[in-house]
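Residue numbers (this note's numbering), protein chains in the order written: chain A, 1 to 203; chain B, 1001 to 1086; chain L, 2001 to 2082. Note that beta-carbon positions come from the ideal geometry of N, C-alpha and C, so glycine has one too. Single-structure report; data block below.
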Amino acid sequence: MRSPAPFPQRGEEIVWIYEKKLQYPVKVSTCNPTLAKYLVEQYGGADGELAAALRYLNQRYTIPDKVIGLLTDIGTEEFAHLEMIATMIYKLTKDAKPQALKEAGLGEHYVQHDSALFYNNAAGVPFSATYFQAKGDPIADLYEDIAAEEKARATYQWIIDMSDDPDLNDSLRYLREREIVHSQRFREAVEILKDERDRQKIF
Amino acid sequence: MANTMPIEYYQQLEEIQAVDFVIDELVLYLDTHPTDQNAIQQYNHFALYSKQIKQKFEESYGPLQKGSVNIRQDYWAWSGPWPWQV
Amino acid sequence: MDQQRERFTPMKSYVPFRGLFDPCPPIGEKYYSTPPNLYVGFQSPNLEQFTPQEALRKGTLWKVFYDYYDNPYKRGGDSGHG
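In structure tokens, the structure reads:
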């Protein structure tokens, strides 16, 4: 057993500090509300950045100390990705007139929200906490996290397949790559939790 | 505040983004490799360097986060522009 | 690093079964990603890194995890792997 760590592990207070910069310099080359309609899948969809951030940060309270730091850091990075996605949607729809939004299939969105961002998926279904789990079993939760990263990676691929905006695809490739690294770290977390080195070998 | 930012803003910002990204990556690596001394050394190096270049950036463009000094006496530079606007 | 990369291909494909009455023209090969994190295992220390500027642009500090993705169907099916 490790010595019990004070809770929370980092610093004396639980606080997130907003830094006035994006993690990656997002660029968009065309005014293209249709792409915004697709991208919102990663804003308020089941495998999107909001679901990811909430999933990881929430799992931290019932998982061995060895992986709390990782969940904290990846969960926090997902919020940085959420702001990147928001920036893309904002730029793709900024200054678009109602008619242009209608032609992009965003007429229903316009009626409800004007150009405001809303946490829904690409089909307009509102965000739901049922998109992620907290089973309390460290292996079950980490396996869900690995699957979530692979699903988000796949979603970025499908959006890249649908998009012909080279600057946007550049940012989407960056986000896809982050899913690969996160999945790698969650896989390592599983290895850490199943490791036998600390125990007497009796077999 | 001007309507557009000068090219130096983007250049300095991207240097910060690159350095902070190395820090992000080293942090995730260290979360699963907490005894890698080379990585800790590299993390400390970039953590110090990040502070330096952020201070320089903030002198021209205002605080990147709360707690940083607002150099200008006549304008609260936190008010904008925001990351999704620039 | 290059040796490590040569151990796997990051994209695989298969040809879906074709029924006699399938209405859409055949897609040919159907692609799926098999990125580096499936192969590398627990990362060993001191792996080769990108420069900070390159790392930011590529989305990872570690060369072994870099996997460029582009729409595989755009390439006209000339890139069959696996």
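- The DSSP-derived three-state label of Gln184 (chain A) is helix.
- Taking C-alpha positions only, Tyr156 (chain A) is separated from Ala36 (chain A) by approximately 13 Å.
- Assignment of Pro2016 (chain L) by DSSP, reduced to helix, strand and coil, places it in the coil class.
- Residues of chain B with a Cβ closer than 8 Å to the Cβ of Ile192 (chain A) are, in chain order, Thr1032.
- Taking the C-beta atoms as reference points, Tyr43 (chain A) is found no nearer than 8 Å to Glu78 (chain A).
- Under DSSP, Lys2030 (chain L) takes part in a beta bridge, and its partners are L:Tyr2014.
- Its Cα nearest to that of Pro2036 (chain L), the residue L:Thr2009 stands out among L:Lys2030, L:Phe2050, L:Leu2020, L:Thr2009.
- The segment 44 to 53 of chain A makes contact with the segment 141 to 159 of chain A, as at least three CB pairs between them are under 8 Å.
- Shown here, Trp1084 (chain B) sits in coil according to DSSP, grouped into three states, outside any helix or strand.
- Apart from the 5 residues on each side of it in sequence, Ser1060 (chain B) sits with its Cβ closer than 8 Å to the Cβ of Glu1008, Tyr1009, Gln1012 in its chain, given in chain order.
- Near chain B, meaning a CB-to-CB distance below 8 Å, the residues of the segment 71 to 101 of chain A are Asp73, Ile74, Glu77, Glu83, Ala86, Thr87, Tyr90, Lys91.
- For the pair Asp2067 (chain L) and Asp1074 (chain B), the Cα-to-Cα distance works out to about 48 Å.
- Scanning chain L for C-beta atoms nearer than 7 Å to the C-beta of Ser183 (chain A) yields Asn2037, reported in chain order.
- The alpha-carbon separation between Ala2055 (chain L) and Arg178 (chain A) amounts to approximately 11 Å.
- Of B:Ile1040, B:Leu1064, B:Gln1052, B:Phe1057, the smallest CA-CA separation from Tyr18 (chain A) is found for B:Leu1064.
- Distance check between Pro2045 (chain L) and each of L:Thr2034, L:Trp2062, L:Pro2023 places L:Trp2062 closest, using alpha-carbon atoms only.
- Taking all protein chains in view, the Cβ of Lys1054 (chain B) is crowded by 16 or more other Cβ atoms within 10 Å, so the residue is classified as buried.
- For Met88 (chain A), the enclosing alpha helix (DSSP H) stretches over residues 68 to 93.
- Look at Phe1021 (chain B): its C-beta is under 8 Å from a C-beta on chain L.
- Scanning chain L for C-beta atoms nearer than 9 Å to the C-beta of Ile160 (chain A) yields Tyr2069, Asp2070, Asn2071, reported in chain order.
- Out of A:Val190, A:Glu103, A:Asp167, the CA that lies nearest to the CA of Val28 (chain A) is found in A:Asp167.
- For Pro138 (chain A), the enclosing alpha helix (DSSP H) has its first and last residue at 138 to 162.
- Using a CB distance cut-off of 8 Å, Tyr1075 (chain B) does not count as an interface residue toward chain L.
- Secondary structure of Asn120 (chain A) (DSSP, three-state): strand.
- Check the Cα spacing between Gln2053 (chain L) and each of B:Ala1018, B:Leu1026, B:Ser1050, B:Glu1058: the tightest is with B:Ala1018.
- By the Cβ rule, the segment 182 to 191 of chain A counts as touching the segment 1027 to 1035 of chain B, because three or more pairs are nearer than 8 Å.
- Taking a C-beta distance under 8 Å as the contact criterion, Thr87 (chain A) and Trp1084 (chain B) qualify as a contact pair.
- A:Ile85 is the residue among A:Ile85, A:Asn32, A:Gly69, A:Ser163 whose C-alpha sits nearest the C-alpha of Pro25 (chain A).
- For Asn1044 (chain B), the enclosing alpha helix (DSSP H) stretches over residues 1037 to 1061.
- At a Cβ-Cβ threshold of 8 Å, Ile146 (chain A) and Leu117 (chain A) do not count as neighbours.
- Excluding five sequence positions before and after Gln59 (chain A), the CB atoms of its chain that fall closer than 7 Å to its own CB belong to Leu71, Ala134, Asp141, given in chain order.
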